[in-house]
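Working notes for the structure below.
Numbering (the numbering used here), first residue to last: 3 to 140.
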């Protein structure tokens with residue numbers, strides 16, 4: 003399964019996680035999935051951006067996030083649900099999330115959620131072209 007953003011999506015003055023409109027995939031009972039999210043951002047450097055994944059009740063998500071602030075030469079690796087604040091000011095690839103999802107009991111969606119890291123009256127945008135590629139492995 004592949005899903006991608008055909009249009010930019012913007013939040014302003016909000017640190018409350020919101021479901022992304024496009025970046026999600028359905029998982030069935032007894033299924034195991036591998037997924038890669040490629041996330042492109044733009045916006046205010048103060049606000050930054052944060053991400054998390056939601057999944058069906060009873061599922062297990064093991065994930066890592068690799069992010070690069072566009073001006074930095076180094077890459078930071080964190081494990082979800084820790085928050086990675088990516089500088090959205092310069093745009094570009096902000097983060098890659100790799101996820102392993104085991105779903106034994108309840109069908110539903112694995113959904114990317116995101117918000118500003120710091121409450122700021124400015125636009126923070128997850129850009130068109132951001133994507134998720136997910137494949138069932140069991």
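The beta carbon of each residue, even a glycine, is placed where N, CA and C say it ideally should be.
For residue 121, name the three-state secondary structure that DSSP assigns.
coil
For residue 102 and residue 63, what's the separation of their Cα atoms in angstroms?
6 Å
Does residue 73 pass the burial test, meaning 16 or more other C-beta atoms within 10 Å, or should it be called exposed?
Any reading at residue 73 needs caution, since the residue's pLDDT is 45, under 50, leaving its predicted position unreliable; the model's value is listed next. Label assigned to residue 73: exposed.
Could you name the residues of the same chain whose beta carbon sits closer than 6 Å to that of residue 127, not counting the 5 residues immediately before and after it, in chain order?
10, 12, 44 and 45
Classify residue 105: buried if its beta carbon has 16 or more other beta carbons within 10 angstroms, exposed otherwise.
buried
Suppose the cutoff is 7 Å on Cβ atoms and the five residues either side in sequence are ignored; what does the same chain contact list for residue 131 look like?
6, 7 and 42
Between residue 52 and residue 97, what straight-line distance do the alpha-carbon atoms span, to the nearest angstrom?
10 Å
For residue 16, which residues of its own chain have a beta-carbon under 8 Å away from its beta-carbon, when the five flanking residues on both sides are left out?
117, 118 and 121
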